[in-house]
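Student: Dropping the structure in here first, questions after.
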Amino acid sequence: MSILNKKVLLFTLYGIFITIVFLYLLFPSDLVKSRLEDTVNSPAFTLKMESLRPSPPFRLKLKNVVVNSTSPANIYFQGEVLDLQFHPWNFLQKHTYIGLSGKAYGGNFDGYVDLTSLSKIYPPTKAKLNFKNIDLARYALIRNFLGKGVTGKLNGVWTHISNGKAGGNSSGTIVLFLTGSTYPLVDPFLGLNRIEFDRGEIKAHFKNNLLRIEKLQTFGPQINCLLRGQIILADNFKNSQLDLNGTMEIAGKNKAKINITISGTLDNPISRYIQ
């Protein structure tokens with residue numbers, strides 16, 4: 011390569027570098043923050059964040075992000091950091107693919123969403139979320155639905171597929187693993203006010219508003235439990251209808267097994283035990 015060609019190449023690379031630097035320095039963070047909030051906000055959801063800034067190569071870093079429903083008022087997500095990763099080939103595709111990663115509730119998560127367009131955030135056509143070491147005691151939504159005494163660490167995967175239309179068909183899967191958890195009981199059972207378990211596993215799939223529980227299993231020093239069934243989801247999750255059944259194994263020499271059915275709602279579950 012001649013000296014002239016080398017100089018041309020160096021000046022070209024320098025020009026590209028300077029252009030990128032100026033683009034980041036002059037990036038309209040406040041304007042983009044406002045536009046992003048306005049795009050996501052709807053009669054059902056609102057998005058708020060403390061700050062937004064660009065990060066190379068094609069990323070936006072959001073700090074102190076809150077997503078909540080408007081009616082009923084519930085905080086669905088509250089994260090310390092949310093990193094949005096855009097891909098150059100989005101300009102060549104009909105859909106917009108965005109990578110996700112961040113920190114929330116003492117743990118971290120990563121995944122992606124596939125959108126019909128940036129102007130239509132919800133619902134995504136595809137989504138996947140992996141999360142690790144989520145502290146249930148810090149997750150207000152979980153505490154509201156399952157009780158303030160719920161504790162433990164949560165790991166798992168959530169997937170979602172839809173036709174991209176509001177109110178349209180959607181489906182997905184949920185796989186959860188819990189460790190070091192406690193669950194408060196509405197009514198005392200065998201003198202216990204709460205159930206402690208060392209580990210637990212939940213496998214489920216959903217279609218529209220029907221959540222089918224393939225397995226909800228826990229192992230603990232007091233009780234081992236296995237449940238299956240379904241939950242009919244309501245707009246207000248507390249009113250979701252329960253239809254679960256299974257067995258409980260009581261710790262002791264005989265390890266007595268008890269059949270159990272759970273009906274009612276998340277807010278007011280009704281348990282029946284048959285020995």
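The opening position of the sequence shown corresponds to residue 11 in my numbering, with each subsequent residue numbered one higher. Virtual Cβ for every residue (Gly too), placed ideally from N, Cα, C.
1) Reducing DSSP to helix, strand and coil, say where S44 ends up.
2) Beta strand (DSSP E) containing G112: first to last residue?
3) Among the candidates Q285, I284, Q227, L220, whose CA atom is the shortest distance from the CA of G253?
4) Does the distance from the C-beta atom of Q95 to that of R63 stay below 8 Å?
5) Leaving aside the five residues before and after I272 along the sequence, list all residues of the same chain whose C-beta is less than 6 Å from its C-beta, in chain order.
6) Starting from D1, trace the beta strand (DSSP E) in both directions and tell me its first and last residue.
7) Determine the contact status of M59 and N74, defining contact as a CB-CB distance below 8 Å.
8) Hey, how far is the Cα of D277 from the Cα of S65?
9) What is the rounded straight-line gap between the Cα of Q240 and the Cα of I270?
10) F32 to V42, Cα distance in whole Å?
11) Quick check: what's the CA-CA separation for A137 versus T257?
12) Would you mind working out which of L92, V160, H105, K71 sits nearest L139, comparing C-alpha positions?
13) Using the Cα positions of L146 and G162, report the straight-line distance between them to the nearest angstrom.
14) From R238 to V123, what distance separates their C-alpha atoms?
15) Using a Cβ-Cβ cut-off of 8 Å (strictly less than) and excluding sequence neighbours within five positions of E224, which residues of its own chain qualify?
Tutor: In terms of the structure at hand:
1) Here the question's residue 44 lines up with position 34 in the sequence shown. Correct three-state label for S44: helix.
2) Translated into positions along the sequence shown, residue 112 becomes position 102. Element bounds for G112: 106–114.
3) As a working note, residue 253 is residue 243 in the sequence shown. It should be pointed out that residue 253 corresponds to Asp in this sequence rather than to Gly. Out of Q285, I284, Q227, L220, L220 has the C-alpha closest to the C-alpha of D253.
4) The residue labelled residue 95 in the question sits at position 85 within the sequence shown. The residue labelled residue 63 in the question sits at position 53 within the sequence shown. Contact: no.
5) Within the sequence shown, numbered from 1, the residue matching residue 272 stands at position 262. Closer than 6 Å at the Cβ level, and outside the excluded window around I272, lie L252, L254, P279, S281.
6) Residue 1 is absent from the structure shown; the chain starts at 11 and stops at 285.
7) On the sequence shown, residue 59 is found 49 positions in, with the first residue counted as 1. On the sequence shown, residue 74 is found 64 positions in, with the first residue counted as 1. Yes, these two residues count as a Cβ contact at 8 Å.
8) Translated into the one-based positions of the sequence shown, residue 277 becomes position 267. Translated into the one-based positions of the sequence shown, residue 65 becomes position 55. For D277 and S65, the distance between alpha carbons rounds to 43 Å.
9) Taking the first residue of the sequence shown as 1, we reach residue 240 at position 230. Taking the first residue of the sequence shown as 1, we reach residue 270 at position 260. When rounded, the distance between both Cα atoms is 14 Å.
10) Mapped onto the sequence shown, residue 32 falls at position 22. Mapped onto the sequence shown, residue 42 falls at position 32. A caution first: F32 carries a pLDDT of 46, below 50, which makes its placement in the model unreliable, though a value can still be read off. Whole-angstrom Cα-Cα distance: 17 Å.
11) In the sequence shown, counting from the first residue as 1, residue 137 sits at position 127. In the sequence shown, counting from the first residue as 1, residue 257 sits at position 247. Using only the alpha carbons, I get a separation of about 34 Å.
12) Numbered from 1 along the sequence shown, position 129 holds the residue referred to as residue 139. Comparing Cα-Cα distances from L139 to each of L92, V160, H105, K71, the minimum goes to L92.
13) On the sequence shown, position 136 is the one that residue 146 refers to. On the sequence shown, position 152 is the one that residue 162 refers to. Taking the straight line from one Cα to the other gives about 6 Å.
14) Counting from one through the sequence shown, the residue named residue 238 turns up at place 228. Counting from one through the sequence shown, the residue named residue 123 turns up at place 113. Answer to the nearest angstrom: the Cα atoms are 30 Å apart.
15) Numbered from 1 along the sequence shown, position 214 holds the residue referred to as residue 224. Excluding residues within five positions, the ones whose Cβ falls inside 8 Å are K213, A214, H215, R238.
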